[in-house]
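Student: Can you read through this structure? Questions will come right after.
2 protein chains.
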Amino acid sequence: MRRLKKSGRVGRARRDVSTEQKILDAAHAVFVRRGTAGARMQEIAADAGVNQALLHYYFRSKEHLARAAFERAAMQLMPAAIRIIASGAALEDKVTRIVDLYLTQLTHAPYLPGYIISELTHHPERVRQLIATLSGLAPEDIGSRVFGALNAQIDERVTAGTMRPIAPQTFMVNLMSLCVFPFAAAPMFKAVIGMDDEAFARFIEQRRRELPAFFLKALRP
Amino acid sequence: MRRLKKSGRVGRARRDVSTEQKILDAAHAVFVRRGTAGARMQEIAADAGVNQALLHYYFRSKEHLARAAFERAAMQLMPAAIRIIASGAALEDKVTRIVDLYLTQLTHAPYLPGYIISELTHHPERVRQLIATLSGLAPEDIGSRVFGALNAQIDERVTAGTMRPIAPQTFMVNLMSLCVFPFAAAPMFKAVIGMDDEAFARFIEQRRRELPAFFLKALRP
DNA sequence: GTCTATATTGTGATAGAC
DNA sequence: GTCTATCACAATATAGAC
Chain X
25 MRRLKKSGRV GRARRDVSTE QKILDAAHAV FVRRGTAGAR MQEIAADAGV NQALLHYYFR
85 SKEHLARAAF ERAAMQLMPA AIRIIASGAA LEDKVTRIVD LYLTQLTHAP YLPGYIISEL
145 THHPERVRQL IATLSGLAPE DIGSRVFGAL NAQIDERVTA GTMRPIAPQT FMVNLMSLCV
205 FPFAAAPMFK AVIGMDDEAF ARFIEQRRRE LPAFFLKALR P
Chain U
25 MRRLKKSGRV GRARRDVSTE QKILDAAHAV FVRRGTAGAR MQEIAADAGV NQALLHYYFR
85 SKEHLARAAF ERAAMQLMPA AIRIIASGAA LEDKVTRIVD LYLTQLTHAP YLPGYIISEL
145 THHPERVRQL IATLSGLAPE DIGSRVFGAL NAQIDERVTA GTMRPIAPQT FMVNLMSLCV
205 FPFAAAPMFK AVIGMDDEAF ARFIEQRRRE LPAFFLKALR P
């Protein structure tokens with residue numbers, strides 16, 4: 025309605041990435057720790073060391089900024105895993121590499137799962153955005169491409185008698201659950217189990233060693 | 025500061041549970057689907073079929089109402105599982121019963137995990153509340169009581185040579201991950217895998233049958 | 001206990017100087 | 001591009017009649 029036609033950020037701009045980037049960094053941090061609804065433009069501005077008006081200059085509205093931050097968060101976590109799964113590596117290697125990748129990434133960004141889950145739970149429209157971001161494909165295509173390759177490998181093992189049948193979707197859901205959930209529910213686990221940050225870090229390192237074997241063993245015939 | 029000393033809701037009140045309960049029900053629903061920061065008192069009032077002022081009459085502030093709603097959500101999920109784990113049932117039965125319990129409960133309240141994770145991620149103070157709610161004990165005590173019993177059972181199996189050693193904490197984290205994460209991440213999985221609600225329901229029913237075996241198999245020596 | 005106002009912030013967004 | 005000042009309205013909270 026009273027939207028401006030400011031040309032400011034319209035096209036791709038090459039110079040001045042610095043300020044825009046500072047804002048995006050700050051937005052990422054604030055959105056992750058407060059959630060989209062709980063985040064305040066003022067806090068983002070302060071975090072970025074700039075003025076609140078600049079946020080609107082670069083991103084027009086909170087909603088735009090929220091989308092950008094979510095996109096960044098999702099891209100930080102998903103594509104690498106998809107690449108591993110779609111790669112030509114052996115099945116056992118894929119498991120080990122995914123466990124390793126996730127535990128490493130989430131150790132450095134432990135609140136990311138909680139944020140992404142929260143966003144997708146409370147903002148259904150983010151789902152479309154996520155899919156669109158992951159590639160220009162329709163939802164079904166991503167799934168079928170990735171799971172097709174995985175399914176072939178599982179079939180191979182099943183035929184060889186070294187693994188029992190499992191749907192590739194189940195395979196992925198179980199693996200992701202074991203990797204990601206401990207971080208998503210870390211506040212709860214820490215409290216109930218009585219772990220401090222250091223103990224949690226040790227817990228994760230132990231998982232890094234044990235989880236691949238645990239998971240693969242469950243698939244034995 | 026400008027708090028009223030209204031005696032309205034101060035003590036435990038026996039009568040008029042009806043309205044208070046309607047408000048709490050509505051609050052639960054709205055907080056779960058919007059998150060605490062995204063929830064609006066107006067929407068809660070409308071949902072409850074009462075006036076917004078009544079919300080303050082009964083619960084004084086949004087924060088109080090949010091606490092009450094969170095408490096209710098947590099109590100809906102945790103105590104039953106703790107009872108099962110602390111019970112005298114055989115280890116294998118505990119696994120089956122927990123899987124069954126969670127998949128049933130979460131089928132009826134699929135957004136609960138996302139909400140609880142979101143709350144605990146964005147509102148650290150809820151952690152203390154959660155622990156305090158689960159019992160009058162200090163955090164360490166809950167953990168040690170529950171895990172003590174579980175540990176004894178695991179030791180038994182290990183000694184008998186039917187299971188390899190696993191920390192009871194890891195046992196629980198893995199089991200909870202496999203049960204709860206699929207619901208917490210359901211919006212993502214549905215999109216990536218391309219499932220509709222019905223397919224998801226089937227997916228869960230299959231899990232109910234397969235998950236106990238999957239989990240127990242991973243623990244074989 | 002329940003309602004209709006209304007007071008009082010909080011917060012996203014914009015105007016306009018520099 | 002960046003700032004200060006301010007607007008407009010959404011949202012919590014309260015007063016006071018019934």
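Sequence lines, in order, name chains X and U. Heads up, the first sequence is in this note's numbering, so the first residue is 25 and it goes up one at a time. Heads up, the second sequence is in this note's numbering, so the first residue is 25 and it goes up one at a time. C-beta: ideal position from N, C-alpha, C; glycine also.
Please list, in chain order, the chain X residues whose beta carbon lies closer than 7 Å to that of K46/U.
Tutor: Counted from its first residue, the second sequence places residue 46/U at position 22. The contacting residues do not exist; K46/U stays about 23 Å from chain X at best.
Student: Here's the rule: buried if 16 or more other CB atoms are within 10 angstroms of the residue's CB, otherwise exposed. What is G73/X?
Tutor: Along the first sequence, one-based indexing puts residue 73/X at 49. When all chains shown are included, G73/X counts as exposed.
Student: Within the 8 Å Cβ cut-off, does S85/X reach chain U?
Tutor: As a working mapping, residue 85/X is identified with position 61 in the first sequence. By this cut-off, S85/X is not an interface position.
Student: Can you say whether V41/X is buried or exposed, counting buried as having 16 or more other CB atoms within 10 angstroms of its CB?
Tutor: Along the first sequence, one-based indexing puts residue 41/X at 17. Classification of V41/X: exposed, given that the 10 Å Cβ count is below 16.
Student: Could you tell me which chain U residues have their CB closer than 7 Å to the CB of R193/X, listed as they occur along the chain?
Tutor: As a position in the first sequence, residue 193/X is number 169, starting the count at 1. Sequence inspection shows Gln at residue 193/X; the Arg mentioned does not correspond to that position. Those are I217, listed as they occur along chain U.
Student: Which same chain residues end up closer than 8 Å to I190/U when comparing Cβ atoms and leaving out the 5 residues on each side of it in sequence?
Tutor: As a working note, residue 190/U is residue 166 in the second sequence. If we look at I190/U and ignore the five residues flanking it on each side, its Cβ neighbours are I178 and L243.
Student: Identify whether L61/U lies in helix, strand or coil by the three-state DSSP scheme.
Tutor: Counted from its first residue, the second sequence places residue 61/U at position 37. Sequence check: residue 61/U is Ala here, not Leu. In this structure, A61/U counts as coil in the three-state DSSP scheme.
Student: Note down, in chain order, every chain U residue with its Cβ under 8 Å from the Cβ of L208/X.
Tutor: As a first step, residue 208/X must be located in the first sequence, where it is residue number 184. It is Ala, not Leu, that sits at residue 208/X in the sequence shown. I141, T145, F205 and A208, listed in chain order.
Student: So, for A173/U: in the same chain, excluding its five sequence neighbours on each side, which residues have a beta-carbon less than 6 Å away from its beta-carbon?
Tutor: Position 149 of the second sequence holds residue 173/U. The answer, listed in chain order, is A110.
Student: Between the Cα of F195/U and those of A209/U, A176/U and T183/U, spot the shortest distance and give me the residue it belongs to.
Tutor: As a working note, residue 195/U is residue 171 in the second sequence. Nearest option by C-alpha distance: A176/U.
Student: Mind checking A93/X: buried by the 16 CB within 10 Å criterion, or exposed?
Tutor: Counting from 1 along the first sequence, the entry for residue 93/X is found at position 69. Buried: at least 16 other Cβ atoms inside 10 Å.
Student: Anything in the stretch 42 to 70 of chain U with a Cβ closer than 8 Å to a Cβ of chain X? List those residues in chain order, please.
Tutor: The residues in question are R57, R58, G59, T60, A61 and G62.
Student: Closer than 7 Å by C-beta to L202/U: which residues in its own chain qualify, once you throw out the five before and the five after it? Chain order, please.
Tutor: Taking the second sequence and counting its residues from 1, one reaches residue 202/U at position 178. Taken in chain order, the residues that qualify are L235 and F239.
Student: Does L174/X get closer than 8 Å to chain U when you measure Cβ to Cβ?
Tutor: Looking up residue 174/X in the first sequence gives position 150. Chain U, which has no Cβ nearer than 8 Å to the Cβ of L174/X, makes this no.
Student: Any contact between the stretch 215 to 222 of chain X and the stretch 143 to 161 of chain X? By contact I mean 3 or more CB pairs, one from each, below 8 Å.
Tutor: The stretch 215 to 222 of chain X, when compared against the stretch 143 to 161 of chain X, does not touch it at the 8 Å Cβ threshold.
Student: Within 7 Å: the Cβ of A105/U and any heavy atom of the ligand FMN?
Tutor: Ligands in the displayed structure: none, and consequently the ligand FMN is not present.
Student: Between which two residues does the alpha helix (DSSP H) carrying M187/U extend?
Tutor: Translated into the one-based positions of the second sequence, residue 187/U becomes position 163. Here M187/U belongs to no alpha helix (DSSP H), and DSSP marks it neither H nor E.
Student: Using 8 Å as the Cβ pair cut-off and three pairs as the minimum, do the stretch 68 to 85 of chain X and the stretch 101 to 110 of chain X touch?
Tutor: Touching, no, given that fewer than three Cβ pairs across the two stretches are closer than 8 Å.
Student: Under 8 Å: do the stretch 53 to 66 of chain X and the stretch 57 to 65 of chain U share three or more Cβ pairs, one atom per stretch?
Tutor: Yes, the stretch 53 to 66 of chain X is in contact with the stretch 57 to 65 of chain U.
Student: Excluding five sequence neighbours on each side, which residues of the same chain lie with their C-beta closer than 7 Å to the C-beta of M102/X?
Tutor: Residue numbering aside, residue 102/X sits at position 78 when the first sequence is read from its first letter. Result list for M102/X: L158, in chain order.
Student: Is DSSP giving Y139/X helix, strand or coil here?
Tutor: The residue you call residue 139/X lines up with position 115 of the first sequence. Reduced to three states, the DSSP call for Y139/X is helix.
Student: Under three-state DSSP, which class holds P134/X?
Tutor: As a first step, residue 134/X must be located in the first sequence, where it is residue number 110. If DSSP states are grouped into helix, strand and coil, P134/X belongs with coil.
Student: Look at the Cβ atom of Y135/U, then the Cβ atom of V204/U, and state whether they are nearer than 8 Å.
Tutor: Here the question's residue 135/U lines up with position 111 in the second sequence. Here the question's residue 204/U lines up with position 180 in the second sequence. No, they are not a contact pair.
Student: Whose C-beta lies closer than 8 Å to the C-beta of R188/U among residues of the same chain, with five residues either side of it excluded?
Tutor: In the second sequence, counting from the first residue as 1, residue 188/U sits at position 164. For R188/U, where only same-chain residues beyond five positions count, the Cβ hits under 8 Å are V182, L243, R244 and P245.
Student: Going by C-alpha to C-alpha distance, which of V151/X, V119/X and T131/X sits closest to F224/X?
Tutor: Within the first sequence, the letter at position 200 stands for residue 224/X. Nearest option by C-alpha distance: T131/X.
Student: Once the 5 residues before and after L89/X are set aside, which same chain residues still bring their CB inside 7 Å of it?
Tutor: As a working mapping, residue 89/X is identified with position 65 in the first sequence. These residues qualify, in order along the chain: A51, L79 and F83.
Student: Can you give me the Cβ contacts of A210/X inside the same chain, cut-off strictly under 7 Å, excluding the 5 residues immediately before and after it?
Tutor: The residue you call residue 210/X lines up with position 186 of the first sequence. So the qualifying residues of the chain are P134 and F224.
Student: Name the chain X residues whose beta carbon is nearer than 7 Å to that of V151/U?
Tutor: Looking up residue 151/U in the second sequence gives position 127. Residues of chain X passing the Cβ test: P211 and A215.
Student: Which word fits L28/U, buried or exposed, when buried means at least 16 other C-beta atoms lie within 10 angstroms of its C-beta?
Tutor: Position 4 of the second sequence, counting from 1, holds the residue named residue 28/U. Confidence is the limiting factor: at L28/U the pLDDT is only 33, short of 50, which leaves the residue's position unreliable, though a coordinate-based value still follows. Exposed: under 16 other Cβ atoms inside 10 Å.
Student: Smallest Cα separation from V170/U: which of I155/U, A184/U, L199/U and Q193/U?
Tutor: Counted from its first residue, the second sequence places residue 170/U at position 146. Answer by Cα proximity: Q193/U.
Student: What residues in the stretch 112 to 139 of chain U have a beta carbon less than 9 Å from any beta carbon of chain X?
Tutor: For the stretch 112 to 139 of chain U, which is checked against every Cβ of chain X, the residues closer than 9 Å are Y135, P137, G138 and Y139.
Student: Note down the Cα distance separating A114/X from E67/U, rounded to an integer number of angstroms.
Tutor: Your numbering for residue 114/X matches position 90 in the first sequence. Your numbering for residue 67/U matches position 43 in the second sequence. Straight-line Cα distance between these residues: approximately 52 Å.
Student: Closest Cβ-Cβ distance between F94/U and chain X: below 8 Å?
Tutor: To locate residue 94/U, count along the second sequence from 1; it is residue 70. With 8 Å as the cut-off, F94/U does not count as an interface residue toward chain X.
Student: Quick check on P148/U: buried or exposed, where buried means 16 or more other Cβ atoms within 10 Å of its Cβ?
Tutor: Taking the first residue of the second sequence as position 1, residue 148/U is located at position 124. P148/U is exposed by the Cβ-count criterion.
Student: Spatial neighbours of R121/X within its chain, please: C-beta separation below 6 Å, excluding the five flanking residues on both sides.
Tutor: Within the first sequence, the letter at position 97 stands for residue 121/X. Closer than 6 Å at the Cβ level, and outside the excluded window around R121/X, lie I108.
Student: Using the beta-carbon of each residue, which ones in chain U are nearer than 7 Å to S201/X?
Tutor: Counting from 1 along the first sequence, the entry for residue 201/X is found at position 177. Correct list: S201, L202, F205 and P206.
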